[in-house]
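Okay, so the first sequence: first residue is 1 according to the working numbering, each after it adds one.
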Amino acid sequence: MNLIDQYPISLTNSLTGKKEVFKSLVPGYVGMYVCGPTVYNNVHLGNTRTFLTFDVISRYFRFLGYKVRYVRNITDVGHLTDDGDAGEDKIGKKARLEQLEPMEVVKRYTEDFHGVMRLFNILPPSIEPSATAHIIEQIEITKKLMEAGLAYEANGSVYFDVKKYNQSHHYGILSGRNIEELMESGRDLDSQDEKREKIDFALWKKASAEHIMRWPSPWGDGFPGWHIECTVMSTKYLGETFDIHGGGMDLKFPHHECEIAQATGANGKVPVNYWLHSNMLTVNGQKMSKSLGNSFLPSELISGSHPLLDKGYSPMTTRFFMLQSHYSSTLDFSNEALQASEKAYRRLSTALSTVKALSHTEGKVDEGLSKELNSLIASCYQNMSDDFNTAKTLAVLFEMSSRINDFKSGNRKTGEVNAELFTAFQKTYISFMEEVLGLQEETQLHNNALDGAIKVLIELRKKARTDRNYALSDKIRDDLKAAGIQLKDGKDGEMSYELE
RNA sequence: GGUUCCGUGGCCGAGUGGCUAGGCUGAGCUCUGCAAAAGCUCCUACAGCGGUUCGAAUCCGCUCGGAACCUCCA
Numbered sequence: 001m002n003l004i005d006q007y008p009i010s011l012t013n014s015l016t017g018k019k020e021v022f023k024s025l026v027p028g029y030v031g032m033y034v035c036g037p038t039v040y041n042n043v044h045l046g047n048t049r050t051f052l053t054f055d056v057i058s059r060y061f062r063f064l065g066y067k068v069r070y071v072r073n074i075t076d077v078g079h080l081t082d083d084g085d086a087g088e089d090k091i092g093k094k095a096r097l098e099q100l101e102p103m104e105v106v107k108r109y110t111e112d113f114h115g116v117m118r119l120f121n122i123l124p125p126s127i128e129p130s131a132t133a134h135i136i137e138q139i140e141i142t143k144k145l146m147e148a149g150l151a152y153e154a155n156g157s158v159y160f161d162v163k164k165y166n167q168s169h170h171y172g173i174l175s176g177r178n179i180e181e182l183m184e185s186g187r188d189l190d191s192q193d194e195k196r197e198k199i200d201f202a203l204w205k206k207a208s209a210e211h212i213m214r215w216p217s218p219w220g221d222g223f224p225g226w227h228i229e230c231t232v233m234s235t236k237y238l239g240e241t242f243d244i245h246g247g248g249m250d251l252k253f254p255h256h257e258c259e260i261a262q263a264t265g266a267n268g269k270v271p272v273n274y275w276l277h278s279n280m281l282t283v284n285g286q287k288m289s290k291s292l293g294n295s296f297l298p299s300e301l302i303s304g305s306h307p308l309l310d311k312g313y314s315p316m317t318t319r320f321f322m323l324q325s326h327y328s329s330t331l332d333f334s335n336e337a338l339q340a341s342e343k344a345y346r347r348l349s350t351a352l353s354t355v356k357a358l359s360h361t362e363g364k365v366d367e368g369l370s371k372e373l374n375s376l377i378a379s380c381y382q383n384m385s386d387d388f389n390t391a392k393t394l395a396v397l398f399e400m401s402s403r404i405n406d407f408k409s410g411n412r413k414t415g416e417v418n419a420e421l422f423t424a425f426q427k428t429y430i431s432f433m434e435e436v437l438g439l440q441e442e443t444q445l446h447n448n449a450l451d452g453a454i455k456v457l458i459e460l461r462k463k464a465r466t467d468r469n470y471a472l473s474d475k476i477r478d479d480l481k482a483a484g485i486q487l488k489d490g491k492d493g494e495m496s497y498e499l500e
């Protein structure tokens, strides 16, 4: 039996609000689209959480044996800072402020984004299409929607007719909103507005004279609307209906709602079977966002240079911290929580290097331990298959760490389980840590000269101990500790050290 | 105002009808010359008030408190 059938994945589908058993359109294959960043600024830690979530999800699908096509776009087209006509082109604005070409802005922040992804060990998607490379397709689908009577032109711009769409479909199916309420609440249509209803949204916008990013179209020079790029790129690379669409919770409405309307209107098919939304990273209970001024850049987190931070935290500590909560819950950021994560993660990381070094020797098999290890192995899969519950999976890995430490210290002998089970246990721990959760051992800054010097001191201390000169041996240990080096005496008289 | 979600032990966080995760902190024990590390044990909670049920942190209602979305946002 293969892993896909052995551990069927259930996931919370935002479209139905229920946990459902995942069934892919084509057996063994998964098509997943995730809304990527708008590259006019550095990505912050909150953004990173979303990409981490879908990184782990795609990793787990692959781990079970699915062939995954993971598409994550780059939004580089220069949408407006405001949805109305008053807004300014984000990328154009940044370009003016920094005196750069818009594509220099795009390049700079795309590079920054990729750097952050590498830092947190977030794997690249299979395809990373950019909106500016799909202008023709965006114009084509806009034409198609006009032909279908679901879009109208007004003064060089084209808008999606939500009311019309709602006559034959359900606008609001994803976010649970109803069209009447939407038309009543919110901002009023101002007199300048060309839209028939304020809930209508732009498929194509006419470019004002000073707008830098612009392309020719049947309606004159302009640029595509915010939502259409995702519809175009997901359809192009994954088909008119695909398995999973993901993104941050804050994109659910209106962005994803509009995507559903456009795609359904244009292709006559439900575009997505499962919608997944990852929740927000909060700071003191409030959403981390640029506008609130409570966002940190990953670089500020690592160096500890942000005023809200007591000290710096490593990328893997941060990754671990985020995986300790479920992706569908908000996660509150605090120094205390990060400090706890730092210690906890060190424990896992140490067990990881320990388990790699363990080997099996035959002995008398213990039924109780065998049963426990078998059950721990199965739990890893079961917890990940249960809506990608990384928090529960980590809890299992901690229990496995205790057993690993037992083997290392000799509390339990590896021979208490048979060789096959021992290897499975080893492989499960290593692969869930590294492949599924993407947690790597953090390589300490090993420096050959330093390592050599410490070894010399260790030899001196060994000599002092055999001479029962504990005053000297303790001094060596204490002084090294003060310098940030912790010596650990092993059972067999060997010593190891750890940099703090 | 509308829509939706949340409120778990000293702290962070899983859990969504019975079997009461895990981590961090604190206390104790074992090992150790002493430490560190490790192993074991303990401190055991579900905002409040009602209701449903043999049984509720988990379902329903109300109250209080917090958040997200309704405007760009991961």
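Ideal Cβ placement from N, Cα and C applies to all residues, glycine included.
Looking at C-alpha atoms only, which residue of the options is the closest neighbour of residue i?
i: residue 409; options: 473, 494, 123 and 57; result: 494
i: residue 293; options: 303, 282 and 149; result: 282
i: residue 250; options: 14, 322 and 411; result: 14
i: residue 353; options: 196, 401 and 307; result: 401
i: residue 51; options: 196, 35 and 41; result: 35
i: residue 37; options: 3, 60, 59 and 131; result: 131
i: residue 203; options: 236, 266 and 440; result: 266
i: residue 340; options: 311, 351, 362 and 365; result: 311
i: residue 207; options: 156, 176, 411 and 483; result: 156
i: residue 136; options: 236, 101, 390 and 393; result: 236
i: residue 479; options: 490, 468 and 461; result: 461
CB residue i to CB residue j, shorter than 8 Å?
i: residue 11; j: residue 388; result: yes
i: residue 77; j: residue 224; result: yes
i: residue 201; j: residue 159; result: yes
i: residue 381; j: residue 342; result: no
i: residue 41; j: residue 287; result: no
i: residue 501; j: residue 154; result: Since the first residue shown for the chain is 1 and the last is 500, residue 501 is missing from the structure and cannot be characterised.
i: residue 65; j: residue 25; result: no
i: residue 317; j: residue 274; result: no
i: residue 252; j: residue 174; result: yes
i: residue 113; j: residue 68; result: no
i: residue 63; j: residue 435; result: yes
i: residue 428; j: residue 361; result: no
Less than 8 Å between the CB atoms is what I'm expecting for residue i and residue j, so what's the real figure, rounded?
i: residue 397; j: residue 472; result: In fact, because the Cβ distance is near 40 Å, the residues do not count as touching under 8 Å.
i: residue 151; j: residue 142; result: 6 Å
i: residue 328; j: residue 405; result: Actually they do not touch by this definition, with Cβ atoms about 32 Å apart.
i: residue 358; j: residue 296; result: Actually they do not touch by this definition, with Cβ atoms about 38 Å apart.
i: residue 116; j: residue 48; result: 6 Å
i: residue 315; j: residue 119; result: 5 Å
i: residue 60; j: residue 384; result: 5 Å
i: residue 259; j: residue 271; result: 7 Å
i: residue 264; j: residue 326; result: Rounded, the Cβ-Cβ distance is 30 Å, inconsistent with contact.
Ends of the beta strand (DSSP E) at residue i?
i: residue 247; result: 242-248
i: residue 279; result: Careful: residue 279 lies outside any beta strand (DSSP E) and carries neither H nor E.
i: residue 108; result: From DSSP, residue 108 is part of no beta strand (DSSP E) but of the alpha helix (DSSP H) over 102-119.
i: residue 158; result: 157-160
i: residue 222; result: 222-224
i: residue 32; result: 29-34
i: residue 154; result: 151-154
i: residue 72; result: 67-72
Under DSSP, the alpha helix (DSSP H) around residue i begins and ends at which residues?
i: residue 499; result: Residue 499 -> not in any alpha helix (DSSP H); beta strand (DSSP E) instead, spanning 495-499.
i: residue 453; result: 448-466
i: residue 62; result: 45-64
i: residue 177; result: Element bounds for residue 177: n/a, residue is neither H nor E.
i: residue 355; result: 335-357
i: residue 487; result: That residue, residue 487, is in no alpha helix (DSSP H); its beta strand (DSSP E) goes 485-489.
i: residue 383; result: 367-385
i: residue 93; result: 90-98
Contact between the stretch 121-139 and the stretch 72-80: three or more CB pairs below 8 Å? Put simply, the stretch 121-139 touches the stretch 72-80. At least three CB pairs are less than 8 Å apart.
Cβ contact (3+ pairs, closer than 8 Å) linking the stretch 239-253 and the stretch 197-216: Taking 8 Å as the limit for Cβ pairs, the verdict is that the stretch 197-216 does not touch the stretch 239-253.
Between the stretch 28-36 and the stretch 284-304, do three or more beta carbon pairs fall short of 8 Å? Because the criterion of three Cβ pairs below 8 Å is not met, the stretch 28-36 and the stretch 284-304 do not touch.
Any 3 or more C-beta pairs closer than 8 Å across the stretch 418-429 and the stretch 328-342: No, the stretch 418-429 is not in contact with the stretch 328-342.
Sufficient close CB pairs (3 or more, under 8 Å) joining the stretch 457-474 to the stretch 362-376: Counting Cβ pairs under 8 Å, fewer than three are found: no touch.
Just checking, does the stretch 318-328 make contact with the stretch 360-374 on the three C-beta pairs under 8 Å criterion? Three or more beta-carbon pairs separated by less than 8 Å are not found between the stretch 318-328 and the stretch 360-374, which leaves the two stretches without contact.
Do the stretch 92-102 and the stretch 220-235 touch if we need at least three Cβ pairs shorter than 8 Å? Of all C-beta pairs linking the stretch 92-102 to the stretch 220-235, fewer than three are shorter than 8 Å, placing the two stretches out of contact.
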